[in-house]
Structure formats: C-alpha cells, structure tokens
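Below is one structure, written out as structure tokens, with a few remarks after it.
In the working numbering, the protein residues as written are 94 to 256.
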C-alpha cells in the first residue's frame with residue numbers, strides 16, 4: 094500500500110524525467126490542452142516552468158494567475174496524473190538563466206533576449222495520481238485467469254500538492 098507521499102514522490106520524479114504534459118486553462122476553450130515541456134528544478138514540489146512563445150494563447154491569457162489543468166503520462170506508462178493549479182506568465186530572468194539549455198535555445202533565435210520568449214509558472218495544488226507499476230504482471234495474471242483488478246486497488250490517490 095502506497096502513502097500519499099509516495100504517490101507524490103513518484104509523480105515529481107516522473108515529471109522531472111519525462112517533462113511533457115498536456116496543459117490548459119480550466120473552463121477555457123472547452124478544456125482544450127496542448128503539449129508543453131515542463132521543467133522542474135528540484136526533486137519534489139514545483140513550481141513547474143514552461144518556456145513558450147509570446148503568441149501562445151497560454152502566455153497571452155495568463156498575465157494574471159489563471160486556474161489551470163494538466164495531464165501527464167510517463168513514458169513508461171507507469172505514472173499517470175491529472176493536476177490542477179494556477180498558471181501565470183512569470184518572465185523571471187533569474188529562472189530563465191537557471192533553466193536555459195541548448196534544447197530551449199534552439200527555439201529562440203535571439204537567445205534569452207528573444208522578444209518572443211515567455212516563461213510560464215504552473216503551481217500544482219492538487220493531483221489524482223495513478224500508478225501502473227505491475228502492468229506486465231497483471232497481463233500474466235489475466236492469461237492465467239486471475240482478476241487483474243485486485244492489483245489496482247491501492248494504485249490511485251488524491252494528493253494535496255500545496256505542502
């Protein structure tokens with residue numbers, strides 16, 4: 094049986110490793126989300142930082158904090174999550190300096206001073222997290238006629254991410 098802290102730790106570790114999530118504004122565009130690369134500076138709690146362009150709708154609509162939603166699936170499909178929180182444009186130069194890397198630089202012709210550069214800050218407050226740690230074992234059990242649902246009873250949790 095996993096504790097909420099273990100669920101949360103697995104989530105942050107997976108996001109730090111895999112980075113891509115679907116991000117959108119709650120109640121805007123009929124729940125439309127878009128793939129974004131989220132950077133996590135530290136193991137553990139966010140914020141998540143997202144480099145984007147000034148013409149991106151998320152950058153344009155978040156001059157003031159907005160309610161946001163994100164969905165995440167790890168590359169190995171062992172962690173899934175739905176996150177809710179606050180999204181705001183935060184062009185913090187110190188954060189840009191700390192997180193700048195060749196992958197980000199490839200998107201901005203004028204580097205860190207590119208006028209199209211925008212930085213978003215997502216402060217996740219709540220998540221529902223699903224762990225799929227034993228999918229291979231569940232598949233084998235199904236082949237042997239065992240009900241795989243029993244393995245998933247303790248693999249989902251509602252987690253408060255506010256600290």
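Using N, Cα and C, we set each Cβ at its ideal position, and we do this for glycine too. Being a predicted model, the structure only gives us computed values, none of them experimental.
Simplified DSSP state of residue i, which is helix, strand or coil
i	result
residue 218	strand
residue 204	helix
residue 120	coil
residue 182	strand
Boundaries (first-last residue) of the alpha helix (DSSP H) holding residue i
i	result
residue 105	97–111
residue 191	186–192
residue 199	No alpha helix (DSSP H) holds residue 199; DSSP gives it neither H nor E.
Residue i versus residue j: straight-line alpha-carbon distance, rounded
i	j	result
residue 86	residue 205	Limits of the chain in this structure are 94 at one end and 256 at the other, which puts residue 86 out of reach.
residue 255	residue 105	13 Å
residue 165	residue 208	29 Å
residue 117	residue 172	20 Å
residue 147	residue 186	15 Å
residue 179	residue 223	22 Å
residue 191	residue 99	28 Å
residue 219	residue 141	13 Å
residue 174	residue 145	22 Å
residue 213	residue 156	10 Å
residue 170	residue 203	37 Å
residue 138	residue 97	13 Å
residue 108	residue 210	23 Å
residue 110	residue 182	23 Å
residue 130	residue 149	13 Å
residue 127	residue 163	9 Å
Residues bridged to residue i (per DSSP)
i	result
residue 144	212
residue 177	162 and 219
residue 114	129
residue 150	According to DSSP, which records beta bridges pairwise, residue 150 is partnered with nothing at all.
Residue range of the unbroken beta strand (DSSP E) whose run includes residue i
i	result
residue 250	249–253
residue 127	127–130
At least three beta-carbon pairs within less than 8 Å, the segment 196–203 to the segment 107–125: no
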